[in-house]
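To keep things clear, I will list the structure first and then write my remarks on it.
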Amino acid sequence: MPSGKQDRGLCELYQQDPERADKLVFGREAHKDRRGFLRGAGLATMGAMLGATIPFHRNFPAGLIPAAMADDGEMALFKTKDGLTLLNDRPINAETPPHLLDDPVTPNERHFVRNNGIVPDIAYEMDASDWRLKIDGEVNTPLEFSLEELKSKFENVTLKLQIECGGNGRAAFNPPARGNQWTLGAIGNAEWTGVRYADVLKAAGVKDSAIYTAHYSLDGHLSGDPEKLPISRGVPLAKAMEPHSIIAFAMNGEPIPALHGFPVRTICPGWAGSTSQKWLQRIELRNVVHDGPKMTGTSYRVPYYPVAPGTKVDKADFKIMEAMPVKSLITTPQTNQTIAERRLALRGHAWAGDNSVSRVDISHDFGATWTQADLAPPPNPYSWQTWSAEVTFPEKGYYEVWARATDDKGNSQPFAINWNPKGYLNNSMHRIAVTVSA
Ligand SMILES: Nc1nc2c(c(=O)[nH]1)N[C@H]1C(S)=C(S)[C@@H](COP(=O)(O)O)O[C@H]1N2
Ligand SMILES: [Mo]
1 MPSGKQDRGL
11 CELYQQDPER
21 ADKLVFGREA
31 HKDRRGFLRG
41 AGLATMGAML
51 GATIPFHRNF
61 PAGLIPAAMA
71 DDGEMALFKT
81 KDGLTLLNDR
91 PINAETPPHL
101 LDDPVTPNER
111 HFVRNNGIVP
121 DIAYEMDASD
131 WRLKIDGEVN
141 TPLEFSLEEL
151 KSKFENVTLK
161 LQIECGGNGR
171 AAFNPPARGN
181 QWTLGAIGNA
191 EWTGVRYADV
201 LKAAGVKDSA
211 IYTAHYSLDG
221 HLSGDPEKLP
231 ISRGVPLAKA
241 MEPHSIIAFA
251 MNGEPIPALH
261 GFPVRTICPG
271 WAGSTSQKWL
281 QRIELRNVVH
291 DGPKMTGTSY
301 RVPYYPVAPG
311 TKVDKADFKI
321 MEAMPVKSLI
331 TTPQTNQTIA
341 ERRLALRGHA
351 WAGDNSVSRV
361 DISHDFGATW
371 TQADLAPPPN
381 PYSWQTWSAE
391 VTFPEKGYYE
401 VWARATDDKG
411 NSQPFAINWN
421 PKGYLNNSMH
431 RIAVTVSA
């Protein structure tokens, strides 16, 4: 597994800024001299990442990503994925192109990945025999469970649950917001099996003083410092007690894959994905709002009030992001297709945080007119809902198809982005391009 101090992975650097990556690794002018050798600071960096010296470094071409880095560690885990777009390799962040999200239940190999830190060893080993889940803090009886105990002591539930990263859609922000440049695909709707979060807390006896939960996990901080946690978030007690909040141990009928949180994770569906904590080892009930890493400052937080694009907002004016807003995707057809027929079948999904979706409308004339799509009810609350529609184009030419979902509280997707400093909660309409050739 590569270790090092850089906060962006090499693959990401090469994707975004190949010249800078070359300079960093291969020295100042390497990008101008493609024969550039690995030397000096670049050689040291590469050696540190590979954990060995490179005797033939003089033959090592500029711009080459060592095969060991592509085949080992997290990149090897990433190879189990099918068609995802890699945004960053350290930590792994990858999204699913919308047309690969067509299934009503997202297969494991197509579920997006959002990591803040380093995948822990337990997930590589897929062996939970030494693992325990601890429940403590504001409880009457602190408890500890092995994986088998957790599975057998509580009723098991299986639910289709959507998890969407709070930063999904950030790439569309202007001025840009720093962070992973998610386009549309940081959303998934897998079938999860686990125990109710509420049942586990009730077994420990929730004290009246408890108001918030805190999740602690096994993933490593990017700095390599074992004292530091990459992320420790939590939810208000009421969300944890909601019957669809679960502590999951299986994803689509299999042990949770390494990238998704083996052996167990919370799922607090409909809320920013960061509340669904992977590689869980401890839940603490707290008598204050949790203040772990990425709970404070501007992480997973948005201004209390709407702000104009580019506004500098005082840190004191941020609140914790909770439920995600109503949103939809067009998953069939893929965007940018040329079709030889005037009629086009469309399909997709829609979801709405804590709410349910009451309708999806489709436009093929830049929003001038809308027709209502057929919308299936959710198989269970907090699953996305599948919709279908058909449009007929009047003549050949370039069209856009737009989808707009509305939830049961009357909220609809906007056309414009509700800009905020960190690029969260973008639920603007999904648009696809269609060219009709006949
Ligand atoms: N332990 C841990 N849990 C985590 C994260 C993490 O970095 N570490 N990332 C969170 C974020 S920001 C999101 S959006 C979801 C993504 O879940 P997935 O990778 O299974 O799609 O996991 C959440 N749980
Ligand atoms: Mo996220």
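Per UniProt numbering, the very first residue in the sequence shown carries number 1; after that it's consecutive. Just so you know, even glycine gets a beta-carbon here, dropped at the ideal spot from N, CA and C.
What is the rounded straight-line gap between the Cα of Arg282 and the Cα of Thr275? 14 Å
On a Cα-Cα basis, can you pick out the residue from Ala190, Gly137 and Asn156 that is closest to Asp199? Asn156
Give every residue whose Cβ lies closer than 6 Å to any heavy atom of ligand 2, listed in chain order. Arg114, Cys165, Gly166, Gly167, Gly273 and Ser274
Pro421 beta carbon less than 7 Å from that of Val313: yes
Tell me, please, which residues DSSP counts as bridged to Ile135. Paired residues: Leu143 and Ile283.
So what does DSSP say about Gly47, is it helix, strand or coil? helix
Looking at Gln277 and ligand 1, is the gap between the Cβ and the nearest heavy atom below 6 Å? Indeed, a heavy atom of ligand 1 lies less than 6 Å from the Cβ.
Would you call Phe415 buried or exposed, if buried means 16 or more other Cβ atoms sit within 10 Å of its Cβ? Exposed: under 16 other Cβ atoms inside 10 Å.
In chain order, what residues of the same chain lie with their CB nearer than 6 Å to the CB of Tyr382, ignoring the 5 residues before and after it? Exclusion of the five residues before and after Tyr382 leaves Leu161, His244, Pro269 and Gly270 as the residues of its chain whose Cβ lies within less than 6 Å of its Cβ.
Span of the alpha helix (DSSP H) holding Val313? Looking at the DSSP string, Val313 is not in any alpha helix (DSSP H), and its letter there is neither H nor E.
Excluding sequence positions up to five away, which residues of its chain have a Cβ less than 6 Å from the Cβ of Glu284? Asp136, Gly137 and Ala214
What does Ser363 pair with, by DSSP beta-bridge criteria? Trp402
CB-CB under 7 Å to Lys32, same chain, minus the five flanking residues each way: which ones, in chain order? Its pLDDT being 46, under 50, Lys32 is placed unreliably by the model, and nothing is read from it.
One question on the structure: do Ile163 and Ile330 come within less than 7 Å of each other, judged by their Cβ atoms? no
What separation, rounded to the nearest whole angstrom, lies between the Cα atoms of Val119 and Leu259? Whole-angstrom Cα-Cα distance: 7 Å.
Leaving out five residues before and five after Thr96 in sequence, what residues of the same chain have Cβ atoms less than 6 Å from its Cβ? Leu84, Arg110, Phe112 and Gly185
Three-pair Cβ contact test at 8 Å for the stretch 217-225 versus the stretch 167-186: no
At 4 residues or longer, and completely inside the stretch 80-142: list those alpha helix (DSSP H) runs for me, N to C. 121-125
Local Cβ density within 10 Å of Ala403, reported as buried at 16 or more and exposed below that: buried
Can we count Asn116 as close to ligand 1, meaning its CB is less than 6 Å from some heavy atom? yes
Who are the Cβ neighbours of Ala204 in its own chain at under 6 Å, not counting the five residues just before and after it? Closer than 6 Å at the Cβ level, and outside the excluded window around Ala204, lie Ile135, Val139, Thr141 and Leu143.
Under the DSSP definition of a beta bridge, which residues are partnered with Met251? Trp192 and Glu254
Please list, in chain order, all residues of the same chain as Ala128 whose beta carbon is under 6 Å from its beta carbon, the five residues on each side excluded. Around Ala128: Leu147 and Pro263.
Contact belief for Arg265 with Ala248 at Cβ below 8 Å, rounded distance in angstroms: About 6 Å; that satisfies the 8 Å criterion.
Ala352 versus Glu125, Glu149, Asp408 and His364, residue with shortest Cα-Cα distance: Closest by alpha carbon: Asp408.
Taking 7 Å as the cut-off, decide whether the C-beta atoms of Tyr399 and His364 are in contact. yes
Mind checking whether the beta-carbon of Leu231 lies closer than 6 Å to any heavy atom of ligand 1? Leu is not the amino acid found at residue 231; the sequence shown has Ile there. Ile231 Cβ: within cutoff of ligand 1.
By Cβ distance below 7 Å, which residues in the same chain neighbour Gln334 in space, the five residues on each side in sequence not counted? Hits under 7 Å: His99.
Please work out which residues of its chain come closer than 6 Å, Cβ to Cβ, to Asn252, disregarding the five sequence neighbours upstream and downstream, and give them in chain order. For Asn252, same chain residues with a beta-carbon under 6 Å away, outside a window of 5 residues either side, are Asn108, Ala190 and Glu191 in chain order.
Whole-angstrom C-beta distance between Val302 and Met321, which should lie under 8 Å: 5 Å
For Thr406, count the other beta carbons within 10 Å of its own beta carbon; 16 or more makes it buried, fewer makes it exposed. Which is it? buried
Out of Ile362, Ala350, Thr369 and Ser358, which one is the CA nearest neighbour of Val105? Ala350
Nearest candidate by alpha-carbon position, reference Tyr197, set Gly40, Phe154 and Ser428: Residue nearest to Tyr197 within the set Gly40, Phe154 and Ser428 is Phe154 (criterion: CA-CA distance).
Any non-hydrogen atom of ligand 1 within 6 Å of His349 CB: It does not: the Cβ of His349 is nowhere closer than 6 Å to a heavy atom of ligand 1.
Express the C-alpha separation of Met241 and Ile267 in angstroms, rounding to a whole number. 12 Å
Locate the beta strand (DSSP E) running through Tyr216, then write down its first and last residues. Membership of Tyr216 in the beta strand (DSSP E) is indicated by the continuous run Tyr212 to Ser217.
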